[in-house]
Amino acid sequence: MAGPGGGSNDVQWCFSQVKGSIDDDVAEADIISTVEFNHSGELLATGDKGGRVVIFQQEPESKNQPQCRGEYNVYSTFQSHEPEFDYLKSLEIEEKINKIRWLPQKNAAQFLLSTNDKTIKLWKISERDKRPEGYNLKEEDGRYRDPNSVTALRVPVFRPMDLMVEASPRRVFANAHTYHINSISVNSDYETYLSADDLRINLWHLEITDRSFNIVDIKPANMEELTEVITAAEFHPNQCNTFVYSSSKGTIRMCDMRASALCDKHAKLFEEPEDPNNRSFFSEIISSISDVKFSHSGRYMMTRDYLSVKIWDLNMETRPVETYQVHEYLRSKLCSLYENDCIFDKFECCWNGNDSVVMTGSYNNFFRMFDRGYRQDVTLEASRENSKPRSVLKPRKVSTGGKRKKDEISVDSLDFNKKILHTAWHPLDNIIAVATTNNLYIFQEKLN
Amino acid sequence: MTLSKDTSMLGRGVKRKWSCLEELEAEGLPDAAEEKQQSASDESAESGDEAGLLPPRSDMSHLQQRQLVLGLCLEKLQRYQAGMELSLRRSVLLINTLRQIQEEMRSDGVGTCTSDVLLNGVHPDSCLLRDDFREEDMPVTCPGCAEGDAESLSPPLSPEFPSPEAAGDQQKPPPAATVSTFSDAVNAMGYLSDLALDDIFEDIDTSMYETSDLPSAWSAGSLWPVSVSLWPDEDVKMRPGSHSSAGSLQSCLTDLNELDHIMEILVKS
Numbered sequence: 001m002a003g004p005g006g007g008s009n010d011v012q013w014c015f016s017q018v019k020g021s022i023d024d025d026v027a028e029a030d031i032i033s034t035v036e037f038n039h040s041g042e043l044l045a046t047g048d049k050g051g052r053v054v055i056f057q058q059e060p061e062s063k064n065q066p067q068c069r070g071e072y073n074v075y076s077t078f079q080s081h082e083p084e085f086d087y088l089k090s091l092e093i094e095e096k097i098n099k100i101r102w103l104p105q106k107n108a109a110q111f112l113l114s115t116n117d118k119t120i121k122l123w124k125i126s127e128r129d130k131r132p133e134g135y136n137l138k139e140e141d142g143r144y145r146d147p148n149s150v151t152a153l154r155v156p157v158f159r160p161m162d163l164m165v166e167a168s169p170r171r172v173f174a175n176a177h178t179y180h181i182n183s184i185s186v187n188s189d190y191e192t193y194l195s196a197d198d199l200r201i202n203l204w205h206l207e208i209t210d211r212s213f214n215i216v217d218i219k220p221a222n223m224e225e226l227t228e229v230i231t232a233a234e235f236h237p238n239q240c241n242t243f244v245y246s247s248s249k250g251t252i253r254m255c256d257m258r259a260s261a262l263c264d265k266h267a268k269l270f271e272e273p274e275d276p277n278n279r280s281f282f283s284e285i286i287s288s289i290s291d292v293k294f295s296h297s298g299r300y301m302m303t304r305d306y307l308s309v310k311i312w313d314l315n316m317e318t319r320p321v322e323t324y325q326v327h328e329y330l331r332s333k334l335c336s337l338y339e340n341d342c343i344f345d346k347f348e349c350c351w352n353g354n355d356s357v358v359m360t361g362s363y364n365n366f367f368r369m370f371d372r373g374y375r376q377d378v379t380l381e382a383s384r385e386n387s388k389p390r391s392v393l394k395p396r397k398v399s400t401g402g403k404r405k406k407d408e409i410s411v412d413s414l415d416f417n418k419k420i421l422h423t424a425w426h427p428l429d430n431i432i433a434v435a436t437t438n439n440l441y442i443f444q445e446k447l448n
Numbered sequence: 001m002t003l004s005k006d007t008s009m010l011g012r013g014v015k016r017k018w019s020c021l022e023e024l025e026a027e028g029l030p031d032a033a034e035e036k037q038q039s040a041s042d043e044s045a046e047s048g049d050e051a052g053l054l055p056p057r058s059d060m061s062h063l064q065q066r067q068l069v070l071g072l073c074l075e076k077l078q079r080y081q082a083g084m085e086l087s088l089r090r091s092v093l094l095i096n097t098l099r100q101i102q103e104e105m106r107s108d109g110v111g112t113c114t115s116d117v118l119l120n121g122v123h124p125d126s127c128l129l130r131d132d133f134r135e136e137d138m139p140v141t142c143p144g145c146a147e148g149d150a151e152s153l154s155p156p157l158s159p160e161f162p163s164p165e166a167a168g169d170q171q172k173p174p175p176a177a178t179v180s181t182f183s184d185a186v187n188a189m190g191y192l193s194d195l196a197l198d199d200i201f202e203d204i205d206t207s208m209y210e211t212s213d214l215p216s217a218w219s220a221g222s223l224w225p226v227s228v229s230l231w232p233d234e235d236v237k238m239r240p241g242s243h244s245s246a247g248s249l250q251s252c253l254t255d256l257n258e259l260d261h262i263m264e265i266l267v268k269s
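Just so you know, the protein sequences line up as chains A and B, in that order. Under the UniProt record's numbering, residues 1 to 448 are what the first sequence spells out, in order. Under the UniProt record's numbering, residues 1 to 269 are what the second sequence spells out, in order.
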């Protein structure tokens, strides 16, 4: 990692690439719903509302331009999920890809899990750059030869061909979730993974599709008593027995699978007492956690609620060790945001490779980075206007007071339709992927 | 603020009418969201007032906000009626907000309108609230106070009510008759939640309202005609004679609208 990233003086971010249509008219199927780097950072996967997965591959660094890291180009595109219809409930099951998680690479092929509301699929992405040629009974185009015309025998050989990337579904994990799946997380044992919906979490073995274990169930006996749902879940990066799940009431529960088969009793409960000064009708809604992510080290976890990002030390349950305000200027606008449903938006968050900087999205195509070490933060914008190659991104500022300085944007001018919900950080380098509604922006650290 | 009202391109938006809150914000009233929850005293109203306006207003705008949020809650939950699926998370959050508002209304004492109070025509809270009332504002309607406004806002539940209200009304400027759809629903539900149904409908045939879809919680006085139908036990695939969840809530809300309609006829006759 080249120095601390984010808001410190060391790192400047440059535009690198933008993927997606330039059209202002957004086709609903093109709306990006998830972004994820693989473990090496070489591959970048996106899922969209139309059920498609697009994988980009980083070009190897060229010797001509050592100051520029490789570009990401389309590697594979496939239709992961199709819309389905639940006849029993008369409801359509959306094909939108809610989450993608990569498996660590074990052989030449790549594997990822992708999920919609109901079904998880394991996809194998493999390369084919050779093909057999010289069959005795078939022509090159596949037509069968007349056996009488065969006068000599030859051994077919593998010849190089243009690279072909194939994606094939290897496992389909279906019919295990009554409610909508919001998270999947691969365990550090690389054999199991969890899937979480609004009320339950299931544990799967990657090889077994007809069975899963229910490890958390918060469904009340009487649905009228339901007051809380599960919003996100993740396995600990190192401890294969530990996972956390967050709730709509702003709590995080950590569970130990060794304790019992059904982890309804949490081992730890992380909850910050509410600030009585900030109490409003919307307190609960804005406390709802939209994302939870362990740090790479496994020592901390980060949660995202509507207005802030919180870093928790796993050893301290009473309050977070760090709290960063993402867009505090929205606190006075909560009623309007409630009215237009923006208050229900679910923002994700991510760590950089060495856990020194965290990033999350906001409105107006702004995204924020918080440098934990230098205690600095920066607001940047993903827009076509700043998309000259290698142009440095200028920090943005939202003016909250009366006087608006030059280059500042006032809260009332923010476009709440332009929201950045999904961001991802390369596991090793300062390369980030930021998804606007239907475009994927890739920014890189400015290298001199 | 340019909060785009039409978010339909993202698949979940609903076109909105011009919000009363926008008027409030434009006029520079203290931002309602910054109000702290009011107890009986007003001293707490000092802080969090961004626009720098005086505390006494905050009491009313808190109630206004509460009314607005209540109405919006119902409007959003009514999306089932439009056939739009609401995520479980969102419905839980909406219902919890609704509960919070109901609790607050209960503890404020405004939810306990009895026939006696209404007939007397004067409700202590209603005087307090109407002092600062401005005509272009959204009517402040807690169920109790709304009795006074009932004439212009929404039909009272009994033909007996209008006369005492008219008497009480004369001293105060009548509020603007801005009847919005959710205000209707709110008032209707507010009334029905706390008034014994039997008292009102003594001589009216209520058999059409006594369907199996209306949960018993309704008559028990809770504000939850929506809760049971909203979260059917999805695990139970087969239910005797059941419709989809959208269906039961839909008929629940249809009944509400029919009730409103009936009330209007009763008042005018």
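From the three backbone atoms N, C-alpha and C, an ideal C-beta is built for every residue, glycine too.
Suppose you measure from the CA of residue i to the CA of residue j; what does that come to, to the nearest Å?
{"i": "N148/A", "j": "F78/A", "result": "42 Å"}
{"i": "H123/B", "j": "T97/B", "result": "Here H123/B scores only 37 on pLDDT, less than 50, and its place in the model should not be relied on; the value that follows carries that caveat. Near 26 Å, if we compare the C-alpha coordinates of T97/B and H123/B."}
{"i": "Q58/A", "j": "S126/A", "result": "16 Å"}
{"i": "N175/A", "j": "K121/A", "result": "12 Å"}
{"i": "M161/A", "j": "N98/A", "result": "35 Å"}
{"i": "P60/A", "j": "Y72/A", "result": "10 Å"}
{"i": "R375/A", "j": "D10/A", "result": "13 Å"}
{"i": "D256/A", "j": "N238/A", "result": "13 Å"}
{"i": "S387/A", "j": "I22/A", "result": "12 Å"}
{"i": "V358/A", "j": "L330/A", "result": "20 Å"}
{"i": "K76/B", "j": "R99/B", "result": "15 Å"}
{"i": "S185/A", "j": "E133/A", "result": "42 Å"}
{"i": "L203/A", "j": "I55/A", "result": "26 Å"}
{"i": "H426/A", "j": "N354/A", "result": "11 Å"}
{"i": "T360/A", "j": "E42/A", "result": "22 Å"}
{"i": "L91/A", "j": "E84/A", "result": "9 Å"}
{"i": "L314/A", "j": "V244/A", "result": "10 Å"}
{"i": "D129/A", "j": "E94/A", "result": "35 Å"}
{"i": "E272/A", "j": "S62/A", "result": "49 Å"}
{"i": "L337/A", "j": "K418/A", "result": "14 Å"}
When the cut-off is 7 Å and only beta carbons count, does residue i lie next to chain B?
{"i": "E348/A", "result": "no"}
{"i": "S248/A", "result": "yes"}
{"i": "E328/A", "result": "no"}
{"i": "F85/A", "result": "no"}
{"i": "E339/A", "result": "yes"}
{"i": "I311/A", "result": "no"}
{"i": "V35/A", "result": "no"}
{"i": "Y306/A", "result": "no"}
{"i": "D407/A", "result": "no"}
{"i": "N432/A", "result": "Strictly speaking, residue 432/A in this sequence is Ile, with Asn absent from that position. Output row for I432/A: interface = no."}
{"i": "T119/A", "result": "no"}
{"i": "residue 475/A", "result": "Residue 475/A is absent from the model: chain A starts at 1 and stops at 448."}
{"i": "F281/A", "result": "yes"}
Thinking residue i and residue j are a contact (beta carbons under 8 Å), I'd like their distance in whole angstroms, please.
{"i": "Y363/A", "j": "L414/A", "result": "5 Å"}
{"i": "D217/A", "j": "L269/A", "result": "Not quite, the Cβ-Cβ distance comes to about 17 Å (not below 8 Å), so this is no contact."}
{"i": "L94/B", "j": "C73/B", "result": "5 Å"}
{"i": "C14/A", "j": "S383/A", "result": "About 14 Å; that fails the 8 Å criterion."}
Cutting at 8 Å between CB atoms, please list the residues of its own chain near residue i, excluding the five before and the five after it.
{"i": "P220/A", "result": "L226"}
{"i": "V26/A", "result": "T437 and N438"}
{"i": "T178/A", "result": "D197, L199 and R200"}
{"i": "R372/A", "result": "I311, E322, D355, S356, V357 and V358"}
Is residue i close to chain A, meaning its C-beta is less than 7 Å from at least one C-beta of that chain?
{"i": "R106/B", "result": "no"}
{"i": "R89/B", "result": "yes"}
{"i": "L93/B", "result": "yes"}
{"i": "L74/B", "result": "no"}
{"i": "G221/B", "result": "Note that G221/B scores 37 on pLDDT, short of 50, meaning its location in the model is unreliable; the coordinates nonetheless yield the value given after this. Taking Cβ atoms only, chain A never reaches closer than 7 Å to G221/B, which makes this a no."}
Taking 7 Å as the limit between beta carbons, can you name the residues of its chain near residue i, skipping five residues before and five after?
{"i": "V92/B", "result": "none"}
{"i": "L307/A", "result": "I286, Q325, V326, H327, E328, L330 and R331"}
{"i": "P104/A", "result": "H39 and Y190"}
Leaving aside the five residues before and after residue i along the sequence, list all residues of the same chain whose C-beta is less than 6 Å from its C-beta, in chain order.
{"i": "residue 450/A", "result": "Residue 450/A lies beyond the residue range present for chain A, which begins at 1 and ends at 448; the question has no answer from this structure."}
Problem - Ordered list of beta strand (DSSP E) runs contained in the segment 146-222 of chain A, each at least 3 residues - result: DSSP runs (the beta strand (DSSP E)) wholly in the segment 146-222 of chain A: 157-173, 183-186, 192-196, 200-205 and 208-217.
Problem - Every unbroken beta strand (DSSP E) inside the segment 259-344 of chain A [3 residues or more] - result: 268-270, 291-294, 300-304, 308-313 and 322-325
Exercise for the section: Go through the segment 70-153 of chain A residue by residue and report every complete run of the beta strand (DSSP E) that reaches 3 residues or more, in order. Expected result: 72-79, 84-86, 91-93, 99-102, 110-115 and 120-133
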